[in-house]
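Working notes, structure below.
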Amino acid sequence: MVHLFQSIRSDETSRLIRSLRESSGRIVNLTEKIFFHSSSITCRAAYGSVIKDNEAFVNLTAEATAMASGFEIADLFPSSRIVSAMSWTKRRLKAMRRKLDVILDDVIDRHKRNRVENGSGNSEFGSEDMVDVFLRVKEEGQLQFPIDNDNIKAVLYDIFVAGTDTSAGTIDWTMTELLRHPQVMAKAQAEVRQALKGNSSVQGNIVHNLKYLKLVIKETMRLHPAFPMVSRASKEEQMINGYTIPAGEWVIVNIWGMHRDPGYWKDPEMFKPERFQDQSLDFVDGDCHFLPFGAGKRMCPGIAFGLANVEFTLSQLLYNFDWGLPEGVRSEDLDMTENVGLTSTRKHDLSVVVTPYN
């Protein structure tokens with residue numbers, strides 16, 4: 001399935017490269033470009049095409065995610081109807097929900113019309129995409145519980161956020177760390193450019209063999225895991241460090257803290273990709289102190305898709321451009337403040353100056 005989407009990945013990355021070339025020598029908001037790039041890949045893979053109002057959709061999901069991660073006084077008094085009624089966040093979320101409904105309803109309606117008119121799936125490959133599958137399951141009614149359009153829209157929203165924020169955030173943080181560490185940047189670029197040897201595009205099989213770039217990505221995901229905390233429910237009563245965890249109790253797993261624990265990592269606050277060179281830690285079956293995609297049955301189901309997007313995009317960015325910071329900004333002065341929320345993204349966008357390599 002990951003190979004099936006290579007054409008989409010290549011097409012959207014080429015679009016990103018062209019856009020950056022047009023901005024050569026000028027200050028570019030790289031964070032913004034990366035997020036729209038990632039959203040386009042996710043939409044085409046899951047919905048069959050880029051959403052008609054993609055920019056509004058990206059901005060709405062970003063705002064909704066930030067608000068869902070926030071805190072307000074109503075959270076302290078969940079049983080108070082008065083406080084709940086006065087909640088400004090609740091009213092804003094309802095307003096955003098209505099706007100998101102309009103966008104996602106259009107996606108579903110377009111798929112319904114195409115299924116009736118053409119009798120085929122809506123994916124770019126002539127088969128069913130994810131929306132088609134949900135509509136078919138709904139029509140057949142073979143599930144133990146019925147699903148409606150609201151259920152479908154909820155899943156489509158989850159897929160978009162999970163497929164966009166995580167990949168885009170990882171690419172954004174990787175470029176930030178590389179700009180902060182020019183020697184690491186030079187080494188990663190040398191590997192990519194040596195592997196290509198003048199080829200006009202990065203091929204998937206070549207990207208798979210970029211060993212140092214993989215170390216860079218692992219180290220980025222250690223310091224900046226896409227989901228800094230995840231929740232899990234205890235199946236049975238457990239005793240942890242003298243604390244009793246009852247069966248069925250929800251537990252918050254602090255992945256961000258585990259990834260920076262000096263008991264497991266030497267110089268945990270330093271960006272050192274080489275630390276993974278002599279370790280067998282992997283994304284899937286690694287030890288419990290390295291869990292960028294979670295673990296067990298509830299680990300991220302899109303790990304292969306997400307990693308392919310991250311590796312391919314980064315290899316193209318490193319091959320096609322030399323990277324610098326705006327005049328007066330030193331690498332050691334880069335703002336590394338993180339957003340505190342469901343996903344780990346930069347609080348302030350990354351501004352760069354790009355110079356085409358060829």
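Quick note, the sequence shown lines up with residues 1 to 358 if you use UniProt numbering.
Where is the CB? At the ideal position from N, CA and C, for every residue including glycine.
Next item on the list: Write down the C-beta distance between serine 344 and proline 262 rounded to the nearest angstrom, noting that I regard them as a contact closer than 8 Å.
Entry: Residue numbering aside, residue 344 sits at position 344 when the sequence shown is read from its first letter. Residue numbering aside, residue 262 sits at position 262 when the sequence shown is read from its first letter. At roughly 20 Å, the Cβ-Cβ gap does not stay under 8 Å, so serine 344 and proline 262 are not in contact.
Notebook entry, point to check: Looking at the structure shown, is tryptophan 173 part of a helix, part of a strand, or coil, going by DSSP?
Noted result: Mapped onto the sequence shown, residue 173 falls at position 173. Reduced to three states, the DSSP call for tryptophan 173 is helix.
Next item on the list: Could you tell me whether the region 301-314 touches the region 236-246, using the rule of 3 or more Cβ pairs below 8 Å?
Entry: no
Notebook entry, point to check: Cβ of leucine 20 within 7 Å of Cβ of valine 354?
Noted result: The sequence position of residue 20 within the sequence shown is 20, counting from 1. The sequence position of residue 354 within the sequence shown is 354, counting from 1. Yes. Within cutoff.
Note to self: Quick check on methionine 270: buried or exposed, where buried means 16 or more other Cβ atoms within 10 Å of its Cβ?
What the structure shows: Translated into positions along the sequence shown, residue 270 becomes position 270. Result: exposed.
Next item on the list: Quickly, what does DSSP pair proline 356 with across the bridge? List them, please.
Entry: As a first step, residue 356 must be located in the sequence shown, where it is residue number 356. Answer is Phe321, bridged to proline 356.
Check: Per DSSP, alanine 233 forms a beta bridge with which residues?
Finding: The residue you call residue 233 lines up with position 233 of the sequence shown. Beta-bridge pairing links alanine 233 to Trp250.
Check: Which residues bound the beta strand (DSSP E) around valine 50?
Finding: The sequence position of residue 50 within the sequence shown is 50, counting from 1. Counting along the chain, valine 50 falls outside any beta strand (DSSP E), and DSSP gives it neither H nor E.
Next item on the list: For tyrosine 243, write down the residues that DSSP places opposite it in a beta bridge.
Entry: Position 243 of the sequence shown, counting from 1, holds the residue named residue 243. Note: tyrosine 243 sits in a beta bridge opposite Ile240.
Checklist line | isoleucine 147 (DSSP reduced to helix, strand or coil) | finding: The residue labelled residue 147 in the question sits at position 147 within the sequence shown. Three-state DSSP puts isoleucine 147 in coil, outside helix and strand.
Checklist line | 8 Å Cβ shell around alanine 247 - same chain, five flanking residues per side excluded | finding: Counted from its first residue, the sequence shown places residue 247 at position 247. Here the set comprises Ser234, Lys235, Glu236 and Glu237.
Next item on the list: Check each candidate in Ser315, Lys297 and Thr31 and name the one with the smallest Cα separation from arginine 193.
Entry: Mapped onto the sequence shown, residue 193 falls at position 193. Measuring from the Cα of arginine 193, the nearest candidate turns out to be Ser315.
Notebook entry, point to check: For arginine 298, which of helix, strand or coil comes out of DSSP?
Noted result: What you label residue 298 is simply residue 298 of the sequence shown in a count that begins at 1. The answer is helix: DSSP assigns arginine 298 an H, G or I state.
Note to self: Would phenylalanine 312 and valine 216 qualify as a contact pair, given that the criterion is a beta-carbon distance under 7 Å?
What the structure shows: Translated into positions along the sequence shown, residue 312 becomes position 312. Translated into positions along the sequence shown, residue 216 becomes position 216. No. Outside cutoff.
Check: What did DSSP end up calling asparagine 29 once you bin it into helix, strand or coil?
Finding: Locating residue 29 in the sequence shown gives position 29, where the first residue counts as 1. Looking at asparagine 29 - three-state DSSP - the assignment turns out to be strand.
Next item on the list: Ignore the nearest five residues each way along the sequence and tell me which others in lysine 33's own chain have a CB closer than 8 Å to its CB.
Entry: Taking the first residue of the sequence shown as 1, we reach residue 33 at position 33. Excluding residues within five positions, the ones whose Cβ falls inside 8 Å are Leu16, Ser19 and Leu20.
Next item on the list: State yes or no: is the C-beta of lysine 218 within less than 7 Å of the C-beta of phenylalanine 276?
Entry: Numbered from 1 along the sequence shown, position 218 holds the residue referred to as residue 218. Numbered from 1 along the sequence shown, position 276 holds the residue referred to as residue 276. Contact: yes.
Next item on the list: Just the C-alpha distance for arginine 113 and methionine 258, rounded to the nearest angstrom, thanks.
Entry: Within the sequence shown, numbered from 1, the residue matching residue 113 stands at position 113. Within the sequence shown, numbered from 1, the residue matching residue 258 stands at position 258. Rounded to the nearest angstrom, the two C-alpha atoms are 49 Å apart.
Margin query: By the three-class DSSP mapping on this structure, what secondary structure does glutamate 327 have?
Written below: Working through the sequence shown from its first residue, we reach residue 327 at position 327. In this structure, glutamate 327 counts as coil in the three-state DSSP scheme.
Next item on the list: Report back the beta-carbon spacing between methionine 175 and leucine 350 to the nearest angstrom; my notes put them in contact at under 8 Å.
Entry: Residue 175 sits at position 175 when you count from the first residue of the sequence shown. Residue 350 sits at position 350 when you count from the first residue of the sequence shown. Contact holds; Cβ gap of about 7 Å.
Next item on the list: Counting only the same chain and skipping the five closest in sequence on each side, list residues whose C-beta sits under 8 Å from that of proline 268.
Entry: Stepping through the sequence shown from its first residue, residue 268 is reached at position 268. The answer, listed in chain order, is His259, Arg260, Asp261 and Pro262.
Item checked: Pick from Gln142, Ser231 and Arg346 that is closest to valine 251, judged by C-alpha positions -> Against the sequence shown, residue 251 aligns to sequence position 251. Looking at the Cα atoms, Ser231 is the closest of the given residues.
Next item on the list: Give the DSSP bridge partners of lysine 113, in chain order.
Entry: If you number the sequence shown from 1, residue 113 lands on position 113. Per the sequence presented here, residue 113 reads as arginine, with lysine not at that position. Arginine 113 is not bridged to any residue.
Checklist line | Sequence-distant residues of the same chain with beta carbon closer than 8 Å to valine 131, five excluded per side | finding: Walking along the sequence shown from the start, residue 131 turns up at place 131. If we look at valine 131 and ignore the five residues flanking it on each side, its Cβ neighbours are Ala46, Tyr47, Gly48, Val107, Ile108, His111, Asn122, Ile152 and Leu156.
Note to self: For phenylalanine 134 and serine 24, what's the separation of their Cα atoms in angstroms?
What the structure shows: Here residue 134 corresponds to residue number 134 of the sequence shown, with the count starting at 1. Here residue 24 corresponds to residue number 24 of the sequence shown, with the count starting at 1. Going by the C-alpha atoms only, they are around 43 Å apart.
Check: Does the ligand MG have even one heavy atom less than 6 Å from the beta-carbon of leucine 291?
Finding: Only the bare structure without any ligand can be found here, which leaves the ligand MG out of the picture.
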